[in-house]
């Protein structure tokens, strides 16, 4: 599995996890050298900003190709609920929940959750015939 991001063809061309990429990835203002953060459930994400490079002046040495800013949803002071569900082959399912609860004064509470299950065809008894 490759862990690379590329903007306009500029990226790292090897899978060495210790090496820094040429696209800076920021999650809520914190730098990360891994693309793992970009794969989180979209129900948690407010927006994604893609800045084509070079962005070295604003984002430092690892932004020659550009920068990706992932901004998470913030709690609101209004009642809000959102649920998403999907079902796929071999009994795979994905369910996501987002709740905004106004607390008191300046405080608000945000609750998020994800449940995912992926099964192989062998687990479901759909074993392919021997060759």
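In my numbering, the protein residues as written are 1329 to 1459.
Built from N, CA and C at the ideal position, the CB exists for glycine as well.
Short of 8 Å in beta carbon distance, which residues of its chain neighbour residue 1413, apart from the five on each side in sequence? Order them along the chain. 1421, 1422, 1423 and 1424
Enumerate in chain order the residues of its own chain whose CB-to-CB distance from residue 1399 is below 6 Å, with the five nearest sequence positions on each side excluded. 1374 and 1375
Where residue 1351 and residue 1358 are concerned, what is the direct C-alpha to C-alpha distance, given to the nearest angstrom? 14 Å
Please report the residue range of the alpha helix (DSSP H) in which residue 1387 lies. 1384-1387
Measure the alpha-carbon distance for residue 1386 versus residue 1395 and round it to whole angstroms. 9 Å
Measuring straight from C-alpha to C-alpha, what distance separates residue 1370 and residue 1390? 25 Å
If I measure Cβ to Cβ from residue 1408 and keep anything under 6 Å in the same chain, skipping five residues before and after, which residues do I get? 1428
Can you tell me whether residue 1353 is buried or exposed, with buried defined as 16 or more other CB within 10 angstroms of its CB? buried
At which residues does the beta strand (DSSP E) containing residue 1413 begin and terminate? 1408-1415
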